[in-house]
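Per this note's numbering, numbering of the sequence shown is gapless, rising by one per residue and ending at 325.
Virtual Cβ for every residue (Gly too), placed ideally from N, Cα, C.
Since the model is a prediction, treat every value here as computed from it, not as a measurement.
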Amino acid sequence: MFFKKLFITAVFFSLCTIVVFGQSTIKVLIVDGQNNHVQWPKITYMLKEYMEDTELFSVDVARSAYTWQGEEYLSDFPVEGMGKTTALDEPKPDPDFQPDFSGYDVVICNFGWNAAPWPDKTQQAFEKYMEEGGGLVVFHAADNSFPQWKAYNQMIGLGGWGDRTEKDGPLVYYNDAGELVRDDSPGNAGAHGPESEYQITIRKPDHPITKGMPEVWMHTKDELYNRLRGPAENMEVLATAYSAEDNKGTGRHEPALMTLSYGKGRIFHNIMGHADHSVSGVGFITTMLRGTEWAATGKVTQPIPSDFPNATTSSSRQVMAKEEE
Numbered sequence: 001m002f003f004k005k006l007f008i009t010a011v012f013f014s015l016c017t018i019v020v021f022g023q024s025t026i027k028v029l030i031v032d033g034q035n036n037h038v039q040w041p042k043i044t045y046m047l048k049e050y051m052e053d054t055e056l057f058s059v060d061v062a063r064s065a066y067t068w069q070g071e072e073y074l075s076d077f078p079v080e081g082m083g084k085t086t087a088l089d090e091p092k093p094d095p096d097f098q099p100d101f102s103g104y105d106v107v108i109c110n111f112g113w114n115a116a117p118w119p120d121k122t123q124q125a126f127e128k129y130m131e132e133g134g135g136l137v138v139f140h141a142a143d144n145s146f147p148q149w150k151a152y153n154q155m156i157g158l159g160g161w162g163d164r165t166e167k168d169g170p171l172v173y174y175n176d177a178g179e180l181v182r183d184d185s186p187g188n189a190g191a192h193g194p195e196s197e198y199q200i201t202i203r204k205p206d207h208p209i210t211k212g213m214p215e216v217w218m219h220t221k222d223e224l225y226n227r228l229r230g231p232a233e234n235m236e237v238l239a240t241a242y243s244a245e246d247n248k249g250t251g252r253h254e255p256a257l258m259t260l261s262y263g264k265g266r267i268f269h270n271i272m273g274h275a276d277h278s279v280s281g282v283g284f285i286t287t288m289l290r291g292t293e294w295a296a297t298g299k300v301t302q303p304i305p306s307d308f309p310n311a312t313t314s315s316s317r318q319v320m321a322k323e324e325e
C-alpha cells in the first residue's frame, strides 16, 4: 500500500510539473527612451500592465539613459527599478545602452521617429538574438526608427519617414481585387491623415494571431499609416486598413498587421498605437497580446475577449490615469 501511495504521489507531482511547465511565463523586454510621440512613457506603462494582467507575461523595461520627448509623463508613469535618466531637447546616443536580450523571449520596441541609433555592439547583439530565434514586436512609430540600420529594416519589413524612399524597397498594399501589390514607384515613405476610427480587414484568418477575429472590425481613434515601404522580405500581411482619400489617404488597403522572419526569429508588426486612447482599444490590446505571444513562442493560447469590436463599433478599455503618490 505504501508503494502504491508513493507511486500515485509521484505521478501527481509529475503532472503538476508538466502543467506548470506548459504555463511558463513569457519573458518580455520593452525597450524605449526616445520617441516623437510624447506619450511613450505612458504607453510603455500601459503595455506592461496589460501584459502582466494576463499572468502569461513578465515584463521588464530597458530605457536609454538619455530620453527625448515625453518628460512630463516619466514621473506620472514610473517603471519600478528604473535607473536615472536625463531628458534632453534633442535625441542623443546612449553608449551604455546594452540590454541583455538573451534573457528574454521577446522584445517590444517603443522607440520612434528620430531616435538616436543604438551602439554598434548592441545592434550586433540584437541581430544575433534574432538570428538565433528571438522575438520582436514593433508597433506604430517603431517602424519610423533606425532608417540606416539595414538589419532592423529587414526585421520590420516596412517603415516610414527617416528619409526612406524607393531606395529602401517597394510600397506594399492590397488593391480592390484583393491582390497583394509590391509597387516600386518613386517617393518618400510614410504618411497619415488625421486620427480617426477605421476598419481592420483580416486577410489571413487562419494565422494564430488573427484566428477567431471577425473578418472586419472597427479600431479606435488612431493614425492610419500609409505609403510604408521597405525590403518586405519573408513578410505576411495578416490584416489591412483602407486609407480613405478624403482623410488624406491613398485610396488603398494598407498593411496594418504583419508577421516576418529574420533568421530563426519571429517578428510581429502592428501599425496601430499612436496615443493612449488608441492603445486602450480592445482591438489593439488583443493584437498586441496575441502578437507578442506568437513572436515569443510561435503559438497563441489567449482567447478573443468578449468585448472585442465588431465591424461597425469600436471597443475600448478605460484609459489609465497617472499613478497616485
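Q: Express the C-alpha separation of A65 and M82 in angstroms, rounding to a whole number.
A: By 1-based counting over the sequence shown, the position of residue 82 is 82. By 1-based counting over the sequence shown, the position of residue 65 is 65. In this model, M82 and A65 are separated by some 10 Å (Cα to Cα).
Residue nearest to P119 in terms of C-alpha spacing, selected from P309, D94, L74 and H269:
In the sequence shown, residue 119 corresponds to position 119, counting from 1. Ranked by Cα distance from P119, the options P309, D94, L74 and H269 are led by D94.
Requested in this report: Measuring alpha carbon to alpha carbon, tell me which of G162, K221 and A311 ends up nearest R229.
Outcome: To locate residue 229, count along the sequence shown from 1; it is residue 229. For R229, the closest C-alpha among the options G162, K221 and A311 is that of G162.
Check whether V28 and I156 have beta carbons under 8 Å apart: For the purposes of this step, residue 28 is taken as residue 28 along the sequence shown, with counting starting at 1. For the purposes of this step, residue 156 is taken as residue 156 along the sequence shown, with counting starting at 1. Not in contact: V28 and I156 (Cβ atoms no closer than 8 Å).
Count the other C-beta atoms from every protein chain shown that fall within 10 angstroms of the C-beta of K248, then say buried if there are 16 or more, exposed otherwise.
Within the sequence shown, residue 248 is the residue found at index 248, counting from 1. The residue in question, K248, is exposed, as its Cβ has fewer than 16 Cβ neighbours within 10 Å.
- How is the beta strand (DSSP E) around Q199 delimited, first residue to last? To locate residue 199, count along the sequence shown from 1; it is residue 199. For Q199, the enclosing beta strand (DSSP E) covers residues S196 to I202.
Item to check | Residue nearest to K150 in terms of C-alpha spacing, selected from H192, E127, V138 and A62 | outcome: As a first step, residue 150 must be located in the sequence shown, where it is residue number 150. Out of H192, E127, V138 and A62, E127 has the C-alpha closest to the C-alpha of K150.
Please list the terminal residues of the continuous beta strand (DSSP E) segment that includes F126. Here residue 126 corresponds to residue number 126 of the sequence shown, with the count starting at 1. Run containing F126: none in the beta strand (DSSP E); it sits in the alpha helix (DSSP H), D120 to E131.
**Message:** Counting C-beta neighbours from all protein chains within 10 Å, is the total for G112 16 or more, i.e. buried, or is it exposed?
**Reply:** Working through the sequence shown from its first residue, we reach residue 112 at position 112. So G112 ends up on the buried side.
Exposure label - T54; buried when at least 16 CB within 10 Å = Counting from one through the sequence shown, the residue named residue 54 turns up at place 54. Answer is exposed; the Cβ neighbour count stays below 16.
What would DSSP say about V172, mapped onto helix, strand or coil? Translated into the one-based positions of the sequence shown, residue 172 becomes position 172. Here DSSP, grouped into helix, strand and coil, assigns V172 to strand.
- Message: Going by C-alpha to C-alpha distance, which of Q34, N144 and Y129 sits closest to A296?
- Response: By 1-based counting over the sequence shown, the position of residue 296 is 296. Considering only alpha carbons, the answer is Y129.
*Measure the Cβ-Cβ separation of S278 and M272 and say whether it is below 8 Å.*
Translated into positions along the sequence shown, residue 278 becomes position 278. Translated into positions along the sequence shown, residue 272 becomes position 272. Against a cut-off of 8 Å, the Cβ pair of M272 and S278 comes out as a contact.
Go through the stretch 28-93 residue by residue and report every complete run of the beta strand (DSSP E) that reaches 3 residues or more, in order. Secondary structure in the stretch 28-93: the beta strand (DSSP E) runs of 3 residues or longer, each lying completely within the stretch, are 57-68 and 86-88 in chain order.
For a quick check, are the C-beta atoms of H219 and G283 less than 8 Å apart? To locate residue 219, count along the sequence shown from 1; it is residue 219. To locate residue 283, count along the sequence shown from 1; it is residue 283. Their beta carbons are under 8 Å apart, which means H219 touches G283 by this criterion.
For S316, the three-state DSSP class (helix, strand or coil):
Counted from its first residue, the sequence shown places residue 316 at position 316. Collapsing the DSSP output to three states places S316 in a strand.
Could you tell me which residues DSSP puts in a beta bridge with L158?
Mapped onto the sequence shown, residue 158 falls at position 158. In the DSSP output, where bridge partners are listed per residue, L158 has none listed.
Just reading off the beta strand (DSSP E) that R266 is part of, what are its end residues? Taking the first residue of the sequence shown as position 1, residue 266 is located at position 266. Segment G265 to N270, the beta strand (DSSP E) holding R266.
Tell me the DSSP bridge mates of L180?
As a first step, residue 180 is located in the sequence shown; it is residue number 180 there, counting from the start. Its beta-bridge partners are Y174.
I'd like to know whether the C-beta atoms of I26 and L47 end up nearer to each other than 8 Å.
On the sequence shown, residue 26 is found 26 positions in, with the first residue counted as 1. On the sequence shown, residue 47 is found 47 positions in, with the first residue counted as 1. No, the Cβ-Cβ distance between I26 and L47 is not below 8 Å.
I need the DSSP call for E233, collapsed to helix, strand or coil.
Counted from its first residue, the sequence shown places residue 233 at position 233. In this structure, E233 counts as coil in the three-state DSSP scheme.
Give the range of the beta strand (DSSP E) segment to which L224 is assigned. The residue given as residue 224 occupies position 224 in the sequence shown. Counting along the chain, L224 falls outside any beta strand (DSSP E), and DSSP gives it neither H nor E.
Tell me, which residues are paired with V137 by DSSP? Sequence index remark: in the sequence shown, residue 137 carries index 137 (1-based). Note: V137 sits in a beta bridge opposite I108 and F268.
Under the DSSP definition of a beta bridge, which residues are partnered with P255? The sequence position of residue 255 within the sequence shown is 255, counting from 1. According to DSSP, which records beta bridges pairwise, P255 is partnered with T240.
Spatial distance of S315 from I285 (CA atoms)
Taking the first residue of the sequence shown as position 1, residue 315 is located at position 315. Taking the first residue of the sequence shown as position 1, residue 285 is located at position 285. Near 10 Å, if we compare the C-alpha coordinates of I285 and S315.
Margin query: If you reduce the DSSP assignment to three classes, tell me which class F21 lands in.
Written below: Position 21 of the sequence shown, counted from the start, is the residue given in the question as residue 21. With a pLDDT of 41 at F21, under the threshold of 50, the modelled position of this residue cannot be trusted, and the question is left open.
Do three or more CB pairs link the stretch 165-173 to the stretch 196-213 at distances below 8 Å? When C-beta atoms of the stretch 165-173 are compared with those of the stretch 196-213, fewer than three pairs fall below 8 Å, so the two segments do not count as touching.
If Y189 and G212 are in contact, beta carbons under 8 Å, what's the gap, nearest whole angstrom?
-> Walking along the sequence shown from the start, residue 189 turns up at place 189. Walking along the sequence shown from the start, residue 212 turns up at place 212. According to the sequence as given, residue 189 is Ala; it is not Tyr. The C-beta distance from A189 to G212 rounds to 33 Å, too long to fall under 8 Å, and the pair is not in contact.
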